[in-house]
Amino acid sequence: MPNEAIPSVVAMLVCDQVIIEQGTGKKSLIGVFERVNAFSFPTQTRLAIYAKLVDASGHYKFRIRLVNLKDESVLAELQAEANIDQGSVGEFAINIAGIVLPTAGKYEFQLYANEVYLHRVTMTAAAMPGGLQWPQQQQK
Amino acid sequence: MATATAEIAPVVSAERLRSGTTLADVDNKREPFVVDPSDISVGKDERREAKILVKFTQSPPSVTVTTVAEIPSARPDTILFGALTNPELRLRRPIPLMVSEEAGHVVLTWAETDEFSCGSSMGEALDDFSKAVSELFVELNGADVKLGEDLERVRHIMNEYIERRKQR
């Protein structure tokens with residue numbers, strides 16, 4: 015286990031998109047949500063992950079896992095490396111396109127740093143009741 | 060009139076995930092990088108990896124995205140815990156936990172102290188462990204607390220892993 019300090023996660027959010035302002039580096043989180051509605055499953059969606067860390071110092075290998083809580087299987091995994099200076103705040107922002115959710119139910123993003131579990135955030139995928147049909151699917 | 064510009068944080072997708080593909084030039088183009096990964100297709104033993112840029116405040120790191128054919132379990136046999144939610148406490152080092160399943164529930168055990176927690180998923184069990192271990196640490200380190208031999212041993216071990224956050 016590396017000797018890096020264990021970061022504390024002060025925020026971890028799922029949203030539609032993260033936009034980073036050039037120059038200032040400020041992040042705008044667009045469409046924060048915790049529920050995905052779909053007409054049918056499997057469904058494909060696009061989302062973004064934002065995390066803010068304190069108490070981090072040193073070199074970290076971050077890992078984000080998307081887990082299906084139905085059977086606790088890993089659907090996707092992202093890895094990132096970063097150096098964070100002592101006393102500063104680390105921010106993590108990434109957009110993910112094409113996440114496939116196989117069934118309705120609960121899902122979870124888990125954040126690890128240097129193989130140490132740090133935080134999780136859950137979201138629910140739900141089927142829209144009596145969902146609208148696409149025009150080509152409507153019965154005449 | 061001042062103008063503001065913005066860029067979209069990098070978008071990770073699978074369509075361009077070819078082994079060894081490096082997308083490090085994306086940031087230089089300053090264009091939104093959006094890829095539709097609708098045709099994810101991975102062979103049974105094949106792993107695809109690609110490096111992309113992601114925005115950090117400290118340094119420009121690389122990100123590796125891996126898609127795997129066989130879906131792995133998110134429930135390992137052991138896990139290093141680093142998720143104390145009590146803002147007054149922080150971890151000196153990660154707590155090693157054993158993960159097991161009993162009667163359909165996930166059980167996490169800290170073998171050194173015989174502390175355990177459970178939940179319907181590993182995430183819930185981790186949340187439960189965070190709450191339980193924080194409360195126990197505060198209780199054992201309270202003022203005027205007299206402990207027996209066993210609890211004194213537990214407090215000694217806990218203090219090797221957990222400390223109070225310094226007031227700023």
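Chains as they are written, first to last, in this note's numbering: chain L, 15 to 154; chain D, 60 to 227. The beta-carbon is built from N, C-alpha and C at its ideal position, and this holds for glycine as well.
The distance from the Cβ of L:Ala90 to that of L:Leu83 is about 14 angstroms, inconsistent with a contact at the 8 angstroms cut-off.
Within 10 angstroms of the beta-carbon of L:Val46 lie fewer than 16 other beta-carbons, which makes it exposed. With at least 16 other beta carbons inside 10 angstroms of its own, D:Arg134 counts as buried. Excluding five sequence positions before and after D:Arg152, the CB atoms of its chain that fall closer than 7 angstroms to its own CB belong to Tyr220, given in chain order.
For L:Glu91, the three-state secondary structure derived from DSSP is strand. Burial is judged here by how many other beta carbons sit within 10 angstroms of a residue's own beta carbon; L:Lys41 has at least 16 and is buried.
Beta bridge pairing from DSSP links D:Phe140 with L:Tyr131 and D:Ile154. Nearest CB-CB separation between D:Ser159 and chain L: not below the 8 angstroms threshold. The Cβ of D:Met217 sits no closer than 8 angstroms to any Cβ of chain L.
Taking the Cα of D:His164 as reference, the smallest distance to any Cα among D:Glu208, D:Cys177, D:Ile216 and D:Glu147 is reached at D:Cys177. Counting C-beta pairs with one atom in each stretch, the segment 110–121 of chain L and the segment 188–197 of chain D have fewer than three that are closer than 8 angstroms, which means they do not touch. The beta carbon of L:Leu132 sits closer than 7 angstroms to the beta carbons of Pro21, Val23, Leu125 and Tyr126 from its chain, once the five residues preceding and following it are set aside; these are given in chain order. When the Cα atoms are used, D:Thr172 and D:Met181 turn out to be separated by approximately 20 angstroms.
For D:Arg223, the closest Cβ of chain L is not nearer than 8 angstroms. For L:Lys41, the beta-bridge partners assigned by DSSP are L:Ile34. Considering only beta carbons, the part of the segment 167–197 of chain D lying closer than 7 angstroms to chain L consists of Ser180, Met181, Gly182 and Leu185, in chain order. With contacts defined as CB atoms closer than 8 angstroms, L:Phe76 and L:Gln93 qualify as a contacting pair. Exclusion of the five residues before and after L:Arg60 leaves Ala111 as the residues of its chain whose Cβ lies within less than 6 angstroms of its Cβ.
By the neighbour-count definition (other C-beta atoms within 10 Å, threshold 16), L:Ala96 is a buried residue. Taking 8 angstroms as the CB threshold, D:Ala162 stays off the interface with chain L. D:Ala162 counts as exposed, since fewer than 16 other C-beta atoms from the protein chains shown sit within 10 angstroms of its C-beta. Residue-level contact by beta carbon holds for D:Arg134 and chain L, with a gap shorter than 8 angstroms. Inclusion of D:Leu143 and D:Leu150 in the CB contact set at 8 angstroms is warranted, their separation being smaller than that value.
In its chain, beyond the 5 residues on either side, Val24, Ala25 and Glu105 have a beta carbon closer than 6 angstroms to the beta carbon of L:Lys66.
Close CB contacts of L:Ser71 within its chain, under the 8 angstroms cut and outside five residues either way in sequence, are with Glu18, Ala19, Ile98, Asp99, Gln100 and Gly101 (chain order). Taking C-beta atoms as the reference points, L:Val32 and L:Met137 fail to come closer than 8 angstroms.
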